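Asks: Just passing along the structure, written as structure tokens.
There are 2 protein chains.
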Amino acid sequence: MSQFAVIGAGRFGESVARTLSEKGSDVILIDTDEEKIRDLDDVVTHALQLDATDEKAIKAAGIEDVDAAVVSVGRDMEASVLITMLLKEMGVRYVVAKATSEAHYKILTRLGADRIVFPERETGVKVANSLINPTIFDYLEVAPGYNIIEIKPPREIVGKSLEEAKVRSTYGVDIIAIKSLHPVLDGAGESDLEEEVKIVPAADEIIREGDTIIVIGAEKDLERLRG
Amino acid sequence: MSQFAVIGAGRFGESVARTLSEKGSDVILIDTDEEKIRDLDDVVTHALQLDATDEKAIKAAGIEDVDAAVVSVGRDMEASVLITMLLKEMGVRYVVAKATSEAHYKILTRLGADRIVFPERETGVKVANSLINPTIFDYLEVAPGYNIIEIKPPREIVGKSLEEAKVRSTYGVDIIAIKSLHPVLDGAGESDLEEEVKIVPAADEIIREGDTIIVIGAEKDLERLRG
Ligand SMILES: Nc1ncnc2c1ncn2[C@@H]1O[C@H](COP(=O)(O)OP(=O)(O)OP(=O)(O)O)[C@@H](O)[C@H]1O
Ligand SMILES: Nc1ncnc2c1ncn2[C@@H]1O[C@H](COP(=O)(O)OP(=O)(O)OP(=O)(O)O)[C@@H](O)[C@H]1O
Numbered sequence: 001m002s003q004f005a006v007i008g009a010g011r012f013g014e015s016v017a018r019t020l021s022e023k024g025s026d027v028i029l030i031d032t033d034e035e036k037i038r039d040l041d042d043v044v045t046h047a048l049q050l051d052a053t054d055e056k057a058i059k060a061a062g063i064e065d066v067d068a069a070v071v072s073v074g075r076d077m078e079a080s081v082l083i084t085m086l087l088k089e090m091g092v093r094y095v096v097a098k099a100t101s102e103a104h105y106k107i108l109t110r111l112g113a114d115r116i117v118f119p120e121r122e123t124g125v126k127v128a129n130s131l132i133n134p135t136i137f138d139y140l141e142v143a144p145g146y147n148i149i150e151i152k153p154p155r156e157i158v159g160k161s162l163e164e165a166k167v168r169s170t171y172g173v174d175i176i177a178i179k180s181l182h183p184v185l186d187g188a189g190e191s192d193l194e195e196e197v198k199i200v201p202a203a204d205e206i207i208r209e210g211d212t213i214i215v216i217g218a219e220k221d222l223e224r225l226r227g
Numbered sequence: 001m002s003q004f005a006v007i008g009a010g011r012f013g014e015s016v017a018r019t020l021s022e023k024g025s026d027v028i029l030i031d032t033d034e035e036k037i038r039d040l041d042d043v044v045t046h047a048l049q050l051d052a053t054d055e056k057a058i059k060a061a062g063i064e065d066v067d068a069a070v071v072s073v074g075r076d077m078e079a080s081v082l083i084t085m086l087l088k089e090m091g092v093r094y095v096v097a098k099a100t101s102e103a104h105y106k107i108l109t110r111l112g113a114d115r116i117v118f119p120e121r122e123t124g125v126k127v128a129n130s131l132i133n134p135t136i137f138d139y140l141e142v143a144p145g146y147n148i149i150e151i152k153p154p155r156e157i158v159g160k161s162l163e164e165a166k167v168r169s170t171y172g173v174d175i176i177a178i179k180s181l182h183p184v185l186d187g188a189g190e191s192d193l194e195e196e197v198k199i200v201p202a203a204d205e206i207i208r209e210g211d212t213i214i215v216i217g218a219e220k221d222l223e224r225l226r227g
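Taken in sequence, the protein lines are chains R and H. Quick note on my numbering: the first sequence kicks off at 1 and runs consecutively. Quick note on my numbering: the second sequence kicks off at 1 and runs consecutively.
Set out below in structure tokens:
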């Protein structure tokens, strides 16, 4: 049974604590604010009103034994940095720290946080990318070393069905969607191009001239395919 | 050439504006804070010091013609809600609004924002899921209505190869990875289970007893599969 600690019940910390608890994990939640502790008392395993910069107090709370700790005390950069350092010194295996500015991000990196998240910046990048490419996929890294990208299909598979193309065995990647452009007449009787995306296309779907394919694969296989 | 408006240069808004500009889009940035406008003046196309609740002022700035607008004035819920409503009334095609609380989120939905983001909550869910499932995939929504999830394979495909299982045509989903547990002896000579994940497995890979599969598909198809 996984056990986690969440330090700081701001909006991010509360979201982490709730999600972990809903999925059946043990969660120790720590915050100085009594009201937050009371509100989350029946959501998490233990909700403790403590100052997490107090090393003795958090040790007594069993923080050294958790599988991972999330430090989300937000705007108090000094507390966030101090707590992160304390946890790594105590030997907590995996520490996620939330940054609230670029400078904060850099400091947390140097202190050895195992992972740093910056929700406002990361979500901003994601929203911007989805505005530029609205139909689909965040072109995100789905797993370390694996990406989802959109490319022109290799010449030799144009005109073939997914089944005939044998993309997995030939290129080591998997086609998860096909994007086509169809000429249409718009409201003003003007000729226009409309995009259609078939996600998880059927095995007999044909890859046509002018289509692009959205594939998942290892970075080096994607590099080779992109040409 | 895509043109966007970003209203509110907080950390989220700045991140959206920078990313859009880096990718070559035209960006009109609006904020009341002179210092922020000055700092971002050479990053975006136009950085304008305006109060975005002033309908005349933002109309004069050309806000009606943008492809999409992002409302990220943050903590001032009243301004955020008012600006979102103004933009939709003016006929701005696509409005993304940033929520700062659950209540704010609900209000923005009722006002017709086309998309609402809540960075702290969304990143919290993502971090929690990746702590529970550290090897792989954020179980993210890869496209509207499509997800990547991990499930036990349906009984009838256990023992079959990917090719034989014909998962696309039978279930409408695509297997992008197979996760297996292998018994190993750990450092102390103790019997332990080690996880192995094959991403983009070959067509002849067998789905074995005890394996889980990571699939992409439409929400209703995934629901049906999860049983
Ligand atoms: N030393 C501390 N020990 C324990 N909890 C703390 C400490 N300092 C701050 N906190 C708590 O951390 C929580 C988050 O802090 P704050 O609201 O400043 O961050 P935030 O970055 O705005 O959060 P979010 O963006 O996630 O909403 C608060 O509930 C606060 O009481
Ligand atoms: N009426 C308004 N018109 C234009 N800009 C505004 C208005 N009200 C607030 N802003 C600007 O919006 C920006 C973001 O506001 P604020 O910092 O309160 O939000 P936030 O949610 O903390 O931001 P973030 O979390 O993205 O850092 C500020 O730079 C502020 O000057």
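Cβ atoms here follow ideal geometry from the backbone N, Cα and C, with glycine treated the same way. None of these values were measured; they are calculated from a predicted model.
(1) Between A113 of chain H and ligand 1, is the CB less than 8 Å from at least one heavy atom?
(2) Quick one: list the residues of chain R neighbouring P119 of chain H, beta-carbon separation under 7 Å, in chain order.
(3) Using a Cβ cut-off of 9 Å (strictly closer), state whether I132 of chain H contacts chain R.
(4) Are there 16 or more other CB atoms within 10 angstroms of the CB of L86 of chain R, so buried, or fewer, so exposed?
(5) Comparing the C-beta of K23 of chain H with each C-beta of chain R, is any distance below 9 Å?
(6) Could you pull out every unbroken alpha helix (DSSP H) segment of at least 4 residues lying fully inside the stretch 40–99 of chain H, listed in chain order?
(7) K198 of chain H by DSSP, collapsed to three states: which one?
(8) Output yes if chain H places a C-beta closer than 9 Å to the C-beta of P154 of chain R; else output no.
(9) Let me check one thing: in DSSP terms, what residues is T212 of chain R bridge-paired to?
(10) Using CA atoms only, rank isn't needed, just tell me which of R:S15, R:I216 and R:V184 is closest to N147 of chain R.
(11) Just checking I28 of chain H against ligand 2 - is the residue's beta carbon closer than 8 Å to any of the ligand's heavy atoms?
(12) I want to see whether chain R comes within less than 9 Å of G172 of chain H, judged by CB atoms only; does it?
(13) Kindly examine ligand 2 and report whether one of its heavy atoms sits closer than 8 Å to the Cβ of E102 of chain R.
(14) Using a Cβ-based criterion (distance less than 8 Å to any ligand heavy atom), does R168 of chain R qualify as near ligand 2?
(15) Closer than 9 Å, CB to CB, is D65 of chain H near chain R or not?
(16) Using a Cβ-based criterion (distance less than 8 Å to any ligand heavy atom), does E120 of chain H qualify as near ligand 1?
(17) Judging by CA-CA distance, which residue of H:D192, H:K179 and H:V173 is the nearest neighbour of L222 of chain H?
(18) Can you pull the chain H residues whose beta carbon is under 7 Å from the beta carbon of N129 of chain R, in chain order?
(19) Measuring only from the beta carbon, is D39 of chain H closer than 8 Å to any heavy atom that is part of ligand 3?
(20) Under a Cβ-count criterion, where at least 16 other Cβ atoms within 10 Å of its own Cβ denotes burial, should S169 of chain H be classed as buried or exposed?
(21) Would you kindly work out how many angstroms separate the C-alpha atoms of D138 of chain H and K23 of chain R, rounded to a whole number?
(22) When you compare each of H:R18, H:M90, H:K36 and H:V44 to T53 of chain H by their alpha carbons, which one comes out closest?
(23) What separation, rounded to the nearest whole angstrom, lies between the Cα atoms of Y105 of chain R and A113 of chain R?
(24) Apart from the five residues on each side of it in sequence, which residues of its chain come closer than 7 Å, Cβ to Cβ, to D211 of chain R?
(25) From the DSSP output, in three-state form, read off I206 of chain H for me.
(26) Does the beta carbon of G10 of chain R come closer than 9 Å to any beta carbon on chain H?
(27) Give every residue of the same chain whose Cβ lies closer than 6 Å to the Cβ of V70 of chain R, excluding the five residues on either side of it in the sequence, and list them in chain order.
(28) For the beta strand (DSSP E) that contains F4 of chain H, what are its first and last residues?
(29) Just the chain H side, please: which residues come within less than 9 Å of G217 of chain R by C-beta, in chain order?
Replies: So, from the data block:
(1) no
(2) P119, E120 and T123
(3) yes
(4) buried
(5) yes
(6) 55–60 and 77–90
(7) strand
(8) no
(9) R:K179
(10) R:I216
(11) no
(12) yes
(13) no
(14) no
(15) no
(16) yes
(17) H:V173
(18) T19
(19) Among the ligands modelled here, namely ligand 1 and ligand 2, ligand 3 does not occur.
(20) exposed
(21) In this prediction, D138 of chain H scores a pLDDT of 45, lower than 50, which makes its location untrustworthy; the coordinate-derived value is nonetheless stated afterwards. Their backbone Cα atoms lie some 14 Å apart in a straight line.
(22) H:M90
(23) 10 Å
(24) P153, I178, K179 and S180
(25) strand
(26) yes
(27) V6, V16 and V96
(28) Q3 to I7
(29) I199 and V200
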